[in-house]
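Numbering (the working numbering), first residue to last: 3 to 334. Below is one structure; the comments refer to it alone.
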Amino acid sequence: MPRVTVLMTVYNNARYLGAAVESILAQSWPDFEFLIVDDGSGDGSRDVLARYAAQDGRIRLHFNARNIGLARSLNVGLAMAQGEYVARMDDDDVSLPERLARQVAYLDAHPQVAALGTDWAQVGEDDQPLDGGRPVYGLGASPAYADWLLQWQNPLAHASVMLRRSVLEAHRLRYDPTFSVTEDYDLWTRLAQHGQIARLGDVLLHRRILASSVSVAQQARQIEQTGRIVARELARRYGDALPVLGREYLTAWRFPAEAQASPPPPHSLRPALEVLAQLYHRLPASVSPQERAHARQLVRACLLKATARAKRRDLRLWAAWRMGAGLLILDT
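Dropping the structure here:
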């Protein structure tokens, strides 16, 4: 029985598939099965997979009879997985050689953690580093800080995550296909009710950013689905302690209106910022100074973007709250 199941789905991505597969086969941690679910590819991906499977017995292939989508394909893989841990992988990304070893070591040492991500860096279509090769997060996230982030954004890159399979099985947790482009974030919020989540601070994944990526091609749908998850999560945690209107539109005010199918109404800005302020004041005392500084940067950036958008729409709005030891006031 392997300690780790690496679970990857594939759909029409023959161009980058070899690099993704080879990055897993080159892992320093050898005790894994590589479970690959092809979701009805028609571009030669199946032939690529067959060649690698013939060369390495750790590869297990499953071919869907038809295209059923990412969430359902991942559920097929979870039902087949045998490992104690399940490591996600995307068919166009590259895992660095120490990724599995680092995640197994952390999960072995922290049995209360059910999902562990890593920091990551972006690369383009031809493997060129994007954003100067800088880490996307720039720091890890302790369970306390990751749980705080989870309330209003996704703190884990899907392809970087390693899951504790026993928690998934004990609570019958699977991906929900109704969240077609945020299936990971939805699962983390439900998984976090039964175990902790965390993120390593080291870059252990190179994530490929393509014009066809979900975050680019389906941004409006992603924003809408994220908003539903955030509103649900805030209602579950706080109920009427937070303004209902603010819960519903907090996510929408984080993104430019042109990226959304339905931009938020002007009167929802102040309740949304009140929710953000209250979330900041609920930052756990146990987070590190670096995490607290990072949280302040995130909240401040959200506030500045939201009020700048309001000003462009000729709205007379203001937001003020105590942040750290000082008072930040923006008057537009």
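Quick reminder that beta carbons are idealized off the backbone N, C-alpha and C, glycines included. Remember, it's a predicted structure, so these values are computed and weren't measured experimentally.
Where does residue i land, buried or exposed, given buried means 16+ other C-beta within 10 angstroms?
i, result
"Thr180", "exposed"
"Gly229", "buried"
"Leu37", "buried"
"Glu171", "exposed"
"Arg256", "buried"
"Ser43", "buried"
"Ser264", "exposed"
"Arg90", "buried"
What does DSSP give as the partner residue(s) for residue i in the beta ladder?
i, result
"His64", "Val39"
"Val169", "According to DSSP, which records beta bridges pairwise, Val169 is partnered with nothing at all."
"Asp92", "Thr11"
"Tyr87", "Val6, Arg166"
"Asp186", "According to DSSP, Asp186 bridges with nothing at all."
"Phe34", "Val6"
Whose CA, out of the options, lies closest to the CA of residue i?
i, options, result
"Thr120", "Gln195, Arg201, Ser144, Ala303", "Arg201"
"Ile211", "Phe65, Gly135, Asp45", "Gly135"
"Pro157", "Gln198, Leu170, Trp255, Ala237", "Gln198"
"Tyr18", "Arg298, Gln262, Glu127", "Glu127"
"Ile26", "Leu206, Gln221, Ala303, Ala73", "Leu206"
"Ala310", "Gln292, Leu271, Leu281, Ala297", "Leu271"
"Ala21", "Ala55, Ser47, Val96, His112", "Val96"
"Gln57", "Glu24, Val39, His64, Met82", "Glu24"
"Ser144", "Arg314, Lys307, Ala303, Ala287", "Ala287"
"Ala279", "Glu260, Val289, Leu300, Pro291", "Leu300"
"Gln155", "Pro266, Ala259, Arg249, Gly59", "Arg249"
Whose C-beta lies closer than 7 Å to the C-beta of residue i among residues of the same chain, with five residues either side of it excluded?
i, result
"Asp188", "Asp178, Phe181, Ile231"
"Glu100", "Ser30, Leu206"
"Asp133", "Gln124"
Can you find the residues in the same chain that come closer than 6 Å, C-beta to C-beta, to residue i, ignoring five residues on each side of it along the sequence?
i, result
"Asn77", "Arg176, Tyr177"
Alpha carbon to alpha carbon, how far is residue i from residue j?
i, j, result
"Arg166", "His283", "31 Å"
"Arg53", "Arg223", "36 Å"
"Arg314", "Ala261", "16 Å"
"Trp323", "Asp186", "At Trp323, the pLDDT of 38 sits below 50, so the modelled position is not reliable; the number obtained from the coordinates is stated separately. One C-alpha to the other measures close to 32 Å."
"Ala2", "Glu35", "The chain is shown from 3 up to 334; residue 2 falls before or after that span and cannot be answered."
"Ala297", "Gly142", "12 Å"
Apart from the five residues just before and just after residue i, which ones in its own chain have a Cβ nearer than 8 Å to its Cβ?
i, result
"Leu152", "Trp190, Thr191, Ala194, Ile199, Glu235"
"His269", "Leu247"
"Ala103", "Gln29, Ser30, Trp31"
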